[in-house]
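Engineer:
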Amino acid sequence: MSETLYGYYQQQEILPTHGAFKSTADLAPHERHRRRLFTDKLKLPPALFRGARLLEFGPDAGENSLVFAQWGADCTLAEPNPKAHPVIREYFQRFGLGARLSALEAWDVKNFPEPTTDAERFDLVDAEGFIYTIQPTDLWVQKCARLTRPRGMVVLFYYELCGGFLELMLRVVHARHRALTGLDAVASARALFQTKWDSIPHKRRLESWTMDVLENPFVRLKYFLDPGALCEQMAAAGLWYYSSWPSYDGGLDVHWFKRELPGAERLRQQKDFIRRSRLSHLFGRKHFLAQVEDDFEPRLLALLAGVDGLIDQFSPERAERLATEMTVLEAGLRAAAPLAAPADTEWSLQTVASLRQLLRVLAAGEAAAIARFCNEDRAFIETWGMPSHFAVFRRAEAGEG
Ligand SMILES: C[S@@+](CC[C@H](N)C(=O)[O-])C[C@H]1O[C@@H](n2cnc3c(N)ncnc32)[C@H](O)[C@@H]1O
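Numbered continuously in my numbering, the sequence shown closes out at residue 681.
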């Protein structure tokens, strides 16, 4: 296995996120989507990028970088996969943004040169789609802190602990089906997930998703980040939670606007909100827990670990056991019901029933039945969870806490 995610991508024939934009008609919808995401969800409107010194780690083909450049940012791009460089350069020329490309280098996060002055630091540091693969986490957290100017922002997009549960399930199904049929990765994905894949709007091909999710050795539990721990580690490095999607700060707290909550209290509230949002993250629907039982989190984590374990080594007995252990999800969903839309509760309960049945179909070991289930079961087809989260952190100024 490759030691780095970019090493894995270098071995592939396709870039993981390349949308092959030809004209402004292709770029415009992407810009619009990013503008809405950054303005409405992350509270970072495009005006904030005008004249900003921006560092983007891991831009891949550079489609997000083009949008930052359109918003007026001066972009330094650090992309360790050299295969992406000609694509990025061509893109910036094609869209008349060459003057905004300040630098494009093959640095990875670890070896990016250390700045010594604020002039060399950045107003915005963006790392989307890979940062969770770098371990230990503190290595890149500290690096981001050193690279960001006071009051500057760090934007992350990462695989989240509970949100990744359904991705792990997909990987179990894919691995089991491949073992039973001997099909190659893409052929197996097509047989199993074409209906599911076609049910959502996306700009990538099934081949790219297969490489980037179903076969990617980094889409595993040991890499998924717990947002509570992330907020804590970032805060310790002077990077305070600013915004995220989904939100880690549900806005339930009410106090006089002149009162400034100490950082430690804000952090405590965020961690509490995250703990109560585990099922919302897992199902990608609103299942906020008013009450969290003591054994809820350990049981949930055991379920995640059990599913992750089936990817490498499928065992019908363990699959049967996990099907039974899904009761932790049902109990949680029922406890969260008063605050959820009834349709969401119903739909997620159906998802649990569907996953339980899926584990049993996998245990039975008949490839055609597995493919049939995956192409016909509505709850399975329409549930994706919330595997990837955006989180934005703001570097504190001197004396702030
Ligand atoms: C999944 S792609 C995401 C591309 C783009 N940021 C997006 O979100 O659409 C991840 C990118 O990160 C790069 N990458 C992986 N590990 C990295 C590292 N340690 N430092 C910098 N970039 C890295 C990969 O080469 C790849 O281009």
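Each residue gets a CB set at the ideal place from its N, CA and C atoms; glycine is no exception.
Give every residue of the same chain whose Cβ lies closer than 8 angstroms to the Cβ of W664, excluding the five residues on either side of it in the sequence, and list them in chain order.
Structural biologist: L446, I480, G564
Engineer: Please confirm whether S523 and L381 have their CB atoms less than 9 angstroms apart.
Structural biologist: no
Engineer: Let me check understanding here. Comparing Cα to Cα, which of P497, F568, V499, K538 lies closest to L532?
Structural biologist: F568
Engineer: Please name the residue, chosen from L427, L335, E343, Y288, that lies closest to H310 on a Cα-to-Cα basis.
Structural biologist: Of the listed residues, the one whose Cα sits closest to H310 is E343.
Engineer: Less than 8 angstroms between the CB of P667 and some heavy atom of ligand 1, yes or no?
Structural biologist: Residue side-chain check: P667 keeps its Cβ at 8 angstroms or more from all non-hydrogen atoms of ligand 1.
Engineer: Tell me whether M281 is buried or exposed, calling it buried when 16 or more other Cβ atoms sit within 10 Å of its Cβ.
Structural biologist: By the neighbour-count definition (other C-beta atoms within 10 Å, threshold 16), M281 is an exposed residue.
Engineer: Grouping DSSP H, G and I as helix and E and B as strand, with all else coil, what is T356?
Structural biologist: strand
Engineer: When you compare only the Cα positions, how much space is there between W477 and L486?
Structural biologist: 7 angstroms
Engineer: Within 10 angstroms of the Cβ of E336, are there 16 or more other Cβ atoms? Answer buried if so, exposed if not.
Structural biologist: The residue is buried, with at least 16 neighbouring Cβ atoms inside 10 Å.
Engineer: Which of the three DSSP states, helix, strand or coil, is assigned to S527?
Structural biologist: Assigned with DSSP and collapsed to three states, S527 falls in coil, not helix or strand.
Engineer: I need the DSSP call for F563, collapsed to helix, strand or coil.
Structural biologist: F563: helix per DSSP, three-state reduction.
Engineer: If you draw a straight line from the C-alpha of H298 to the C-alpha of P542, how long is it?
Structural biologist: Computed Cα separation, rounded: 43 angstroms.
Engineer: In chain order, what residues of the same chain lie with their CB nearer than 6 angstroms to the CB of L619, ignoring the 5 residues before and after it?
Structural biologist: For L619, where only same-chain residues beyond five positions count, the Cβ hits under 6 angstroms are F568.
Engineer: For a quick check, are the C-beta atoms of A671 and Y521 less than 9 angstroms apart?
Structural biologist: yes
Engineer: Comparing alpha-carbon positions, which option in W536, R426, A570 lies nearest G530?
Structural biologist: For G530, the nearest C-alpha among the options comes from A570.
Engineer: For L448, collect the residues of the same chain with a Cβ closer than 6 angstroms to its Cβ; drop the 5 residues on either side in sequence, then sort them by chain order.
Structural biologist: V587, D588
Engineer: Compute every distance between the C-beta of N655 and the non-hydrogen atoms of ligand 1, then say whether any falls below 8 angstroms.
Structural biologist: no
Engineer: Measuring only from the beta carbon, is V389 closer than 8 angstroms to any heavy atom that is part of ligand 1?
Structural biologist: yes
Engineer: Taking DSSP as the reference, what is the three-state secondary structure of S668?
Structural biologist: When DSSP states are grouped into helix, strand and coil, S668 belongs to the strand group.
Engineer: Ignore the nearest five residues each way along the sequence and tell me which others in Q422's own chain have a CB closer than 8 angstroms to its CB.
Structural biologist: Hits under 8 angstroms: A517.
Engineer: Taking 8 angstroms as the cut-off, does the CB of G338 come closer than this to any heavy atom belonging to ligand 2?
Structural biologist: Looking for ligand 2 in the displayed structure turns up nothing; the ligands present are ligand 1.
Engineer: Go through the region 559-643 residue by residue and report every complete run of the alpha helix (DSSP H) that reaches 4 residues or more, in order.
Structural biologist: Runs of the alpha helix (DSSP H) inside the region 559-643: 576-592, 596-605, 607-616.
Engineer: Which residues share a DSSP beta bridge with T428?
Structural biologist: F402
Engineer: Is E359 near ligand 1, in the sense that its beta carbon is under 8 angstroms from a heavy atom of that ligand?
Structural biologist: yes
Engineer: Can you tell me whether W536 is helix, strand or coil according to DSSP?
Structural biologist: coil
Engineer: Please tell me whether, using a cut-off of 8 angstroms, the distance from the CB of F318 to the nearest non-hydrogen atom of ligand 1 is below it.
Structural biologist: no
Engineer: Assess contact between the region 344-354 and the region 324-334, defined as three or more Cβ pairs (one per stretch) separated by less than 8 angstroms. Is contact present?
Structural biologist: yes
Engineer: Pop quiz: S668 and E440 are said to be a contact at Cβ under 8 angstroms. What is the actual Cβ separation, rounded to whole angstroms?
Structural biologist: 7 angstroms
Engineer: Taking 8 angstroms as the cut-off, is the beta-carbon of I294 closer than that to any non-hydrogen atom of ligand 1?
Structural biologist: For I294, the distance from the CB to the nearest heavy atom of ligand 1 is not below 8 angstroms.
Engineer: So what does R333 bridge to, in DSSP terms?
Structural biologist: D354
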